[in-house]
Amino acid sequence: MHELAVTESILEIATRHAQQANAARVTDIYLVIGQLSSIVDDSVQFYWDTMAENTLCQGAQLHFKRIQARMRCQECQGEFELASQLEPCPACGSFRLMVAAGDEFYMESIEVENAPEVI
Amino acid sequence: MTVNRVQVVENIMNANDQVAQINRQTLDKAGAFSINLMASPGAGKTSFILKTIEAMQPEYKIGVVEGDTAPVTIDADKITAAGMPAVQINTGGECHLDAMMLKAGLQQLPLPEIDLLIVENVGNLICPAAFNLGTHINLLVASIPEGDDKPYKYPNIYRGLEVLIINKTDLLPYIDFRMEYFRQGVEMLNPGLTTFAVSCKTGEGIDVWANWLRSRMAAPRQV
């Protein structure tokens, strides 16, 4: 339920980078979200539609790229993809696991329209 | 009109994390060790803080930041009654404390006088886990009546912990709580997590926790 704060942050980051690029408007925003990040896409989208109004990001499409969680076993050093939330290492049965991938939450890139340069 | 792709690669929580870093510097400069205390509603956060204050007196001056979603000062009043400085942060309905809110709270406390600052987060097992506050350690108070399946249902909050408190052990005879099952879930999420079983009702286990805390506070701090 903290998607409101998260959406504000997405707007701030996208707007700042768009301004630095002298963009006229932002058309697309590419987000990378690990499976273990407790972020609900629909909820972010819901806030986004209202929040982006009358900004450089109005109408920008949000793209969510989900990253599969991978765990590294501390015993046998093997890596495996997490099917559910909690499961032991399939190779050796150990519970001593570390997150190798899947806790990401960042903005990868944005697509912007630049106003034509004045000649 | 031309379309360009602009590389960003910036963490969404970046703004929060930057303020968290400022909080850490403020706390370190004042020499205050700090705990981000998280739990579900009713786990016994405030009781645990009061027991900790009792156990750490008189050597340590303890300050408390109370995060609440509603403007009630029930918790803050209990701390003040125990003779310790407390400040209440009303999150205005928000489900968690963030670094900015804590920054505002820190400004209202006599930090240089405080040895240990306990930040009582909003009662919630999901959102507080996502917001770094800049405190030295993350601590979760779990409690027996909540059930033994909580690590399986709320894995994220267990992953970021340095200390786990299992509260209300006095209720173990009355509740179907499989300690082994609970601990196995914790072990999968946070191998070797430092854990203390306590009862804030009877005081059992509080001294062991307080001893650990004293040595942790004396240890060199990670920046």
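First to last, the sequence lines map onto chains D and Y. Okay, so the first sequence: first residue is 0 according to numbering that gives the first Met the number 0, each after it adds one. Okay, so the second sequence: first residue is 0 according to numbering that gives the first Met the number 0, each after it adds one. Ideal placement from N, C-alpha and C gives every residue a C-beta, glycine not left out. Just so you know, these numbers come straight off a predicted model, no measurement behind them.
With contact defined as three or more Cβ pairs closer than 8 Å, the stretch 5 to 24 of chain Y and the stretch 72 to 83 of chain D are not in contact. In the three-state DSSP reduction, D/ALA68 falls in the coil class, being neither helix nor strand. Along the stretch 100 to 183 of chain Y, the alpha helix (DSSP H) occurs as fully enclosed runs of 4 or more residues at 149 to 152, 154 to 158, listed in sequence order. Y/ILE125 belongs to the set of residues whose beta carbon lies under 8 Å from a beta carbon in chain D.
In the DSSP annotation of this structure, Y/ALA196 is not part of any alpha helix (DSSP H); the continuous beta strand (DSSP E) holding it starts and ends at 193 to 196. DSSP, reduced to helix, strand and coil, places D/GLU80 within a strand of the structure shown. Following the DSSP letters along the chain, one finds D/ILE32 inside the beta strand (DSSP E) bounded by residues 22 to 33. Excluding residues up to 5 positions away in sequence, PRO84, LEU108, ILE113, LEU116 lie with their Cβ nearer than 6 Å to the Cβ of Y/GLY62 in the same chain. Contact annotation: Y/LEU138 and Y/GLU161 have beta-carbon atoms nearer than 8 Å. Residue range 104 to 113 is occupied by the beta strand (DSSP E) that includes D/TYR105, with no alpha helix (DSSP H) assigned at that position.
Residue state for Y/ARG4 is assigned as strand, using DSSP reduced to three classes. By DSSP's assignment, Y/GLN87 forms a beta bridge with Y/GLU65.
Under DSSP, Y/SER33 takes part in a beta bridge, and its partners are Y/LEU116.
Look at the beta carbons and you see the stretch 196 to 203 of chain Y not touching the stretch 98 to 105 of chain D: under three pairs across the two are nearer than 8 Å. If you ignore the 5 residues before and after Y/MET187, its C-beta comes within less than 8 Å of the C-beta of PRO150, all in its own chain and listed in chain order. DSSP places Y/HIS95 in the coil class of the three-state scheme, outside both helix and strand.
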